[in-house]
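With my numbering as the guide, the letters of the sequence shown map in order to residues 2 to 159.
Heads up, the beta-carbon is just placed ideally off N, CA and C, and yes, glycines get one too.
Worksheet for the structure shown next.
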Amino acid sequence: MHRNTFTDDQQRVDRWLRALGQKAGLPLALDAQGVCAVGHASGLACAVEVGAGEVFFRVPLMDWEPGHSASLAEFCLGEHFLGLATSGASFAIDRDEAELVLWRSMPLVVLDEASFAAALMDLLEAASHWREQLQGVLHRSLAPSGATSPASLSSGLA
């Protein structure tokens, strides 16, 4: 898909991405498939894609491995309750890519260039926070059951 065949919505988001990229000194724009990846200092990247009247933001947080899924799923469901802790974003499993993602969609009618950039940056910041939290949950779930921490050891001498 070339820019001249983009829909009006895609052209609008492409303009916003280019403006954001110019401010950041990065070549941001929708690609031929209508997607743009925006990187973050944390190493995460947000895929921006335009739907009919809305924009989708999608940030992969970690690989989704079935063996570790129960504790991560429980954590995500609990934190996602009412969208309060996630600022309206949602956790989801991308089965095609085997990834746990944080995503959000927003109607284009409520966005302008500044609010688009703010929504994108807010999601990337939130994703960075949630990835750290999820890695902690995964680490705890992989720890051997009944493992002894050094603080719980004693010499046995009285």
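Return yes when the Cβ of Met63 is within less than 9 Å of the Cβ of Leu139, no when it is not. yes
Check: Gln134 C-beta below 8 Å from any heavy atom of the ligand COA: Absence of the ligand COA is noted for the structure shown, with no ligands found whatsoever.
Taking its Cβ as the centre, do 16 or more other Cβ atoms sit within 10 Å of Thr87, making it buried, or is it exposed? buried
Using 8 Å as the Cβ pair cut-off and three pairs as the minimum, do the stretch 111–119 and the stretch 76–86 touch? no
Tell me which residues share the same chain as Ser129 and place their Cβ nearer than 7 Å to its Cβ, disregarding the 5 neighbours each side in the sequence. His41, Ser43 and Leu45
Within the stretch 50–96, ranges of the beta strand (DSSP E) (whole runs, at least 3 residues): 55–64 and 91–95
N-terminal and C-terminal residue of the alpha helix (DSSP H) that Gly22 is part of: Asp9 to Ala25
If the criterion is Cβ atoms closer than 9 Å, does the pair Glu55 and Ser91 meet it? no
DSSP three-state call for Ser43: helix, strand or coil? coil
Would Gln59 pass as a contact of Asp97 if the rule is Cβ separation under 9 Å? Just to set this straight, residue 59 is Arg in the shown sequence, not Gln. Result no, Cβ atoms of Arg59 and Asp97 do not sit closer than 9 Å.
Can you list, in chain order, the residues of its chain with a C-beta nearer than 8 Å to that of Glu100? Leave out the 5 residues immediately preceding and following it. Pro61, Leu62, Met63, Asp64, Trp65 and Ile94
Over what stretch of residues does the beta strand (DSSP E) that includes Leu109 continue unbroken? Where Leu109 is concerned, there is no enclosing beta strand (DSSP E), given that its DSSP letter is neither H nor E.
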